[in-house]
Amino acid sequence: MSEPLETPGSLKGEDEEEVQVIPEGTTPAKRFTRALYVGRFQPFHLGHLEAVRHILRNADEIIIVVGSAQESHTLENPFTAGERAYMIRIALNEAGVDPAKYYIIPVIDLDVHGIWVSHVCSYVPKFDVVYSNEPLTRRLFIESGFKVESIPFFRRNVCSATEIRRRMLASVSWEELLPKSVADFIKEIKGIERLKDLAKTDKV
Numbered sequence: 100m101s102e103p104l105e106t107p108g109s110l111k112g113e114d115e116e117e118v119q120v121i122p123e124g125t126t127p128a129k130r131f132t133r134a135l136y137v138g139r140f141q142p143f144h145l146g147h148l149e150a151v152r153h154i155l156r157n158a159d160e161i162i163i164v165v166g167s168a169q170e171s172h173t174l175e176n177p178f179t180a181g182e183r184a185y186m187i188r189i190a191l192n193e194a195g196v197d198p199a200k201y202y203i204i205p206v207i208d209l210d211v212h213g214i215w216v217s218h219v220c221s222y223v224p225k226f227d228v229v230y231s232n233e234p235l236t237r238r239l240f241i242e243s244g245f246k247v248e249s250i251p252f253f254r255r256n257v258c259s260a261t262e263i264r265r266r267m268l269a270s271v272s273w274e275e276l277l278p279k280s281v282a283d284f285i286k287e288i289k290g291i292e293r294l295k296d297l298a299k300t301d302k303v
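Written out as C-alpha cells, the structure is:
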C-alpha cells in the first residue's frame, strides 16, 4: 500500500509540524509596515515633503506627528498645531499623496525624556519603524526598542524651517522652499506679518 502524499503547499519535518511551502515562481506576501515621522513643521517645507515621499517608498503608511502642538505665536513656533496640520494636508494633496496612506496627529510636548516615547505612543496607532535625523528623537526611540531609520537630506542648507523663518523676517525670497499651496496659505493667514510682529520688542 503506497504512502499518502503530502498536500501541496505543506511539508512535514521530523517533528511532524506542518511547514508552509512557497510555490515556485511566487514570492511571500510583503509585510505591512507603518512608519512614524515626528517634526514641528514650522513651516512644512519641501524637505519635509521629500522626507514623506522617501518614507512612503519604504512603508505602506506614515504617521506624521506634529510635535510641540501646544506651541504657537513665538519666533521658533509661529504657527498653531491646526495650521501646521492643514499645511501638511494641502501639501500632500498638491503632491498627489493618497490620503489613505497617512495620518496627521498633533502631540503636545512632555518635558520628561524618560517617558516621552510612551507619551507619543499613547496618541498614535501602532507603528513598526521610526524615521528621524534628530539625535535626541533617534536616541529615545532606539532606547525604547524601536527600529529607527535615517532620512536623506534634501537641500539641507536652505530647506530648513529655521532658515525659512529667517528669510521671512528678512523679507528675502522664501516661497520657492515650500510647496506652493503652503506658501499661499501662509500669505492668506498673514503669517509673515505675524512673525514680524513677534520679532518686535517693547523693551528699551
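To convert a position in the sequence shown, counted from 1, into my numbering, add 99. Quick reminder that beta carbons are idealized off the backbone N, C-alpha and C, glycines included.
Residue pairing from DSSP leaves valine 219 without any beta-bridge partner. Secondary structure within the stretch 233-285: the beta strand (DSSP E) runs of 3 or more consecutive residues, fully enclosed, are 246-248 (chain order). Look at proline 198 here: in three-state DSSP terms it is helix. Nearest to glycine 146 by C-alpha distance, out of Glu275, Ile241 and Val247, is Glu275. For a cut-off of 8 Å, the C-beta gap from glutamate 193 to lysine 279 is around 7 Å, short enough to register as a contact. Boundaries of the alpha helix (DSSP H) around glycine 146: 145-157. Contact between valine 165 and isoleucine 204 holds, with the beta-carbon distance rounding to 7 Å and staying under 8 Å.
Secondary structure note for arginine 133: its beta strand (DSSP E) is the uninterrupted segment 133-138.
In the displayed model, glutamate 160 falls within a strand according to three-state DSSP. Taking arginine 188 as reference, the option from Phe284, Arg264 and Val211 with the minimal CA-CA separation is Phe284. For isoleucine 204, DSSP records a beta bridge to Val164. Where valine 229 is concerned, the enclosing beta strand (DSSP E) starts and stops at 228-230.
Between the alpha carbons of arginine 264 and threonine 236 lies a distance of about 23 Å. Annotated as proximal: proline 142 and leucine 277, with beta-carbon spacing under 8 Å. In the three-state reduction of the DSSP assignment, arginine 130 falls in the coil class, being assigned neither a helical nor a strand state.
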